[in-house]
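Novice: Each step along the sequence shown adds one to the number in the working numbering, with nothing skipped, and position 3 is 7.
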Amino acid sequence: MPHAEQWARTRVRTSRQVRRGAWYRVLRATALEGVLEVNRRPVTVPRTFLQILPFRPTMWSVVTRLPNAQHPPASWGSTYGVCPSCSARAPLGRQAPQVVCPRCNGLFPVAWEDSGLCVFEAREETARPSAARDRATS
Ligand SMILES: [Zn+2]
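1) Closer than 6 Å to a non-hydrogen atom of ligand 1 - does that hold for the CB of R107?
2) Give the DSSP-derived three-state secondary structure of T52 in the structure shown.
3) I'd like the span of the beta strand (DSSP E) that includes V66, first residue to last.
4) If we count the other Cβ atoms within 10 Å of its Cβ and call it buried at 16 or more, is Q102 buried or exposed?
5) By a C-beta neighbour count over all protein chains shown, 10 Å radius and 16 as the cutoff for buried, is C90 buried or exposed?
6) Is it the case that the Cβ atoms of V49 and T18 are separated by a distance below 7 Å?
7) So is I56 in contact with chain D if we call contact Cβ pairs under 7 Å?
8) Mark G81 as exposed unless 16 or more other C-beta atoms lie within 10 angstroms of its C-beta, in which case mark it buried.
9) Quick check: the Cα distance between A12 and V104, rounded to an integer number of angstroms?
10) When every heavy atom of ligand 1 is checked, does at least one fall within less than 6 Å of the C-beta of A92?
11) Using the DSSP secondary-structure output, state which residues sit across from F112 in a beta bridge.
12) Less than 8 Å between C-beta atoms, sequence neighbours within five positions excluded: which residues of the same chain meet that for G97?
13) Provide the residue span of the beta strand (DSSP E) that contains A33, from first to last.
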């Protein structure tokens, strides 16, 4: 069966290799787990920790900073952004609508309210990427 392209991010820190909020290509997914391509290697993550979409979003992920983490620094505040293009982390400022990535220079909107994206989470049927992308940016 032909497989549409899928992308996933984790909301929970599950391993050293997988950065929270960063998008990774999904190699395969079952009801129990997803296998992500991380630095060209397969990494298995429990399915419940993953948000899987049928396209790669072009908005900053908003990630809650872990209170005991050394990176990013506490001066970034309680949340920070993860670039949708290069996965770099960056401070987001106060509800900035758009942020330029310090690494790749990409300008992307910030997904402060990304509950709308949950609509597109892959289930049995995946939405067509073009339709989903149109609606995600509106
Ligand atoms: Zn970037």
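Built from N, CA and C at the ideal position, the CB exists for glycine as well. The structure presented is a predicted model; accordingly, all values stated were derived computationally and were not measured.
Specialist: On the basis of the coordinates in this document:
1) yes
2) helix
3) S65 to T68
4) exposed
5) exposed
6) yes
7) No chain D is present in this structure, which holds just one protein chain.
8) exposed
9) 22 Å
10) yes
11) V103
12) V103
13) Y28 to A33
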